[in-house]
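Undergrad: Numbering follows the numbering used here, with no gaps: position 52 of the sequence shown is 194.
Got a structure for you, questions after.
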Amino acid sequence: MTDQLEPVPTDWQQALAIVAHPDDLEYGCSGAVAAWTASGRDVAYLLVTRGEAGIDGVAPEEAAPLRELEQRASAAKVGVHSVDFLDHRDGVIEYGPELRRDLCRAIREHRPGLVITLNHHDSWGPGSWNSADHRAVGRAALDAVGDAGNRWIFPELVEQGYEPWQGVRWVAVAASPHPTHAVDITDVLEHGVASLAAHQTYLEALSDEPAEEHARRIVVESAQQHAARFGGRACVTFELIGAG
Numbered sequence: 143m144t145d146q147l148e149p150v151p152t153d154w155q156q157a158l159a160i161v162a163h164p165d166d167l168e169y170g171c172s173g174a175v176a177a178w179t180a181s182g183r184d185v186a187y188l189l190v191t192r193g194e195a196g197i198d199g200v201a202p203e204e205a206a207p208l209r210e211l212e213q214r215a216s217a218a219k220v221g222v223h224s225v226d227f228l229d230h231r232d233g234v235i236e237y238g239p240e241l242r243r244d245l246c247r248a249i250r251e252h253r254p255g256l257v258i259t260l261n262h263h264d265s266w267g268p269g270s271w272n273s274a275d276h277r278a279v280g281r282a283a284l285d286a287v288g289d290a291g292n293r294w295i296f297p298e299l300v301e302q303g304y305e306p307w308q309g310v311r312w313v314a315v316a317a318s319p320h321p322t323h324a325v326d327i328t329d330v331l332e333h334g335v336a337s338l339a340a341h342q343t344y345l346e347a348l349s350d351e352p353a354e355e356h357a358r359r360i361v362v363e364s365a366q367q368h369a370a371r372f373g374g375r376a377c378v379t380f381e382l383i384g385a386g
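What follows is the structure in structure tokens.
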């Protein structure tokens with residue numbers, strides 16, 4: 143594919159990133175987050191689970207607090223200090239009104255101009271398949287943007303003090319097989335590496351490769367994958383969807 147990628151718009155100040163698991167943002171787009179926070183923008187994270195089912199050799203009740211600590215440390219590496227968890231069950235997240243309501247509440251609370259989520263499509267590309275959790279959360283995030291602006295959807299949230307928010311201008315879908323835009327991470331690539339490496343327990347369970355080496359290989363390879371479509375620059379790509 144040779145079509146050039148456009149820069150992600152910067153006409154926003156506050157972003158909310160909504161993903162299923164700890165490490166989703168670090169594999170997907172934490173380098174872009176580092177670039178945004180370095181420019182003075184605010185980014186908050188919302189994790190739908192604590193990733194408790196993500197480590198085969200560690201029981202969920204032990205994995206959950208470990209993965210939460212690693213996610214908070216990882217977020218701090220890219221300038222994010224607001225990290226919340228919803229406690230849906232890892233591996234079996236259900237798309238539906240309950241999830242949409244939770245995400246709608248968060249959007250109304252944070253009032254972002256940009257919402258970030260992970261690939262909601264059925265696959266990562268030809269010959270692959272995306273996980274049920276990613277598909278459910280990505281699609282619910284897209285729907286929750288619309289829900290957040292309509293006071294008659296989930297009216298109980300208004301009663302709880304969460305007024306409608308119609309200010310989301312863009313949804314940026316990370317790791318999409320259909321990227322349209324990108325963020326230059328040349329100057330912050332090391333922050334992206336550090337944020338993924340912070341998931342040390344998880345990465346060490348995946349392979350014998352040291353966590354930092356694994357993180358560097360993944361982040362560098364990803365940053366170069368579409369560089370030719372973005373002026374030769376190391377970048378994080380997104381499928382940008384207008385919400386206004």
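Here a beta-carbon is modelled for each residue, glycine too, at the ideal position from N, C-alpha and C.
1) Along the beta strand (DSSP E) that carries Cys377, what are the first and last residues, could you check?
2) For a minimum of 4 consecutive residues, which ranges assigned as the alpha helix (DSSP H) are wholly contained in the segment 242 to 309?
3) Using three-state DSSP, classify Asp166 as helix, strand or coil.
4) Counting along the chain, where does the alpha helix (DSSP H) carrying Val361 start and finish?
5) Just list the residues that DSSP pairs Pro149 with in beta bridges.
6) Gln213 and Val185 - do their beta-carbons sit closer together than 9 Å?
7) Among His320, Ile327, Val362, whose alpha-carbon lies nearest the alpha-carbon of Pro268?
8) Measure the alpha-carbon distance for Gly221 versus Ala174 and round it to whole angstroms.
9) Assess, as a yes-or-no matter, whether the segment 251 to 260 is touched by the segment 301 to 321 under the definition of 3 or more beta carbon pairs within less than 8 Å.
10) According to DSSP, Leu188 sits in a beta bridge with which residue or residues?
11) Identify which residue in Asp145, Asp232, Ala286, Ile383 has its Cα closest to the Cα of His276.
12) Quick one, which of Leu284, Ile197, Ala340, Val361 has its alpha-carbon nearest Ala353's?
13) Whole-angstrom Cβ separation of Leu147 and Ala324, contact assumed at under 8 Å?
14) For the candidate residues Ala369, Ala283, Glu301, whose alpha-carbon lies nearest to that of Ile383?
15) If you reduce the DSSP assignment to three classes, tell me which class Val313 lands in.
16) Any idea what DSSP makes of Trp154, helix, strand or coil?
17) Does the contact criterion of 3 or more C-beta pairs under 8 Å hold for the segment 327 to 340 versus the segment 370 to 378?
18) Do Arg250 and Tyr304 have their C-beta atoms within less than 9 Å of each other?
19) In whole angstroms, what is the alpha-carbon distance linking Asp198 and Arg293?
20) Would the beta-carbon of Arg192 fall within 9 Å of that of Ala206?
21) Taking the alpha-carbon positions, what's the Gly280 to Gln367 distance?
22) What is the DSSP secondary structure of Asp329, reduced to helix, strand or coil?
TA: So, from the data block:
1) In the sequence shown, the residue the question calls residue 377 occupies position 235. Element bounds for Cys377: 377 to 384.
2) 274 to 290, 297 to 301
3) One-based indexing of the sequence shown puts residue 166 at position 24. Of the three classes helix, strand and coil, the one that applies to Asp166 here is helix, per DSSP.
4) Your numbering for residue 361 matches position 219 in the sequence shown. Unbroken alpha helix (DSSP H) run through Val361: 353 to 367.
5) Here residue 149 refers to the residue found at position 7 of the sequence shown. Answer is Ala324, bridged to Pro149.
6) If you number the sequence shown from 1, residue 185 lands on position 43. If you number the sequence shown from 1, residue 213 lands on position 71. Cβ atoms of Val185 and Gln213: not closer than 9 Å.
7) For the purposes of this step, residue 268 is taken as residue 126 along the sequence shown, with counting starting at 1. Of His320, Ile327, Val362, the residue nearest in Cα terms is His320.
8) The residue given as residue 221 occupies position 79 in the sequence shown. The residue given as residue 174 occupies position 32 in the sequence shown. Whole-angstrom Cα-Cα distance: 11 Å.
9) yes
10) Taking the sequence shown and counting its residues from 1, the one referred to as residue 188 is at position 46. Beta-bridge pairing links Leu188 to Ile160, Asp226.
11) Taking the sequence shown and counting its residues from 1, one reaches residue 276 at position 134. Comparing Cα positions, the closest option is Asp232.
12) As a first step, residue 353 is located in the sequence shown; it is residue number 211 there, counting from the start. The option with the nearest alpha carbon to Ala353 is Ala340.
13) Residue mapping note: residue 147 aligns to position 5 of the sequence shown, counting from 1. Residue mapping note: residue 324 aligns to position 182 of the sequence shown, counting from 1. So it is a contact: roughly 4 Å between Cβ atoms.
14) Mapped onto the sequence shown, residue 383 falls at position 241. Ranking the options by Cα distance to Ile383, first place goes to Ala283.
15) Translated into the one-based positions of the sequence shown, residue 313 becomes position 171. Val313: strand per DSSP, three-state reduction.
16) Within the sequence shown, the letter at position 12 stands for residue 154. Of the three classes helix, strand and coil, the one that applies to Trp154 here is coil, per DSSP.
17) yes
18) As a working mapping, residue 250 is identified with position 108 in the sequence shown. As a working mapping, residue 304 is identified with position 162 in the sequence shown. In contact: Arg250 and Tyr304 (Cβ atoms closer than 9 Å).
19) The count along the sequence shown starts at 1 and reaches residue 198 at position 56. The count along the sequence shown starts at 1 and reaches residue 293 at position 151. So the alpha carbons of these two residues sit roughly 42 Å apart.
20) Locating residue 192 in the sequence shown gives position 50, counting from the first residue. Locating residue 206 in the sequence shown gives position 64, counting from the first residue. Yes, Cβ-Cβ distance for Arg192 and Ala206 is below 9 Å.
21) Taking the first residue of the sequence shown as 1, we reach residue 280 at position 138. Taking the first residue of the sequence shown as 1, we reach residue 367 at position 225. Whole-angstrom Cα-Cα distance: 22 Å.
22) Indexing the sequence shown from 1 puts residue 329 at position 187. Helix at Asp329.
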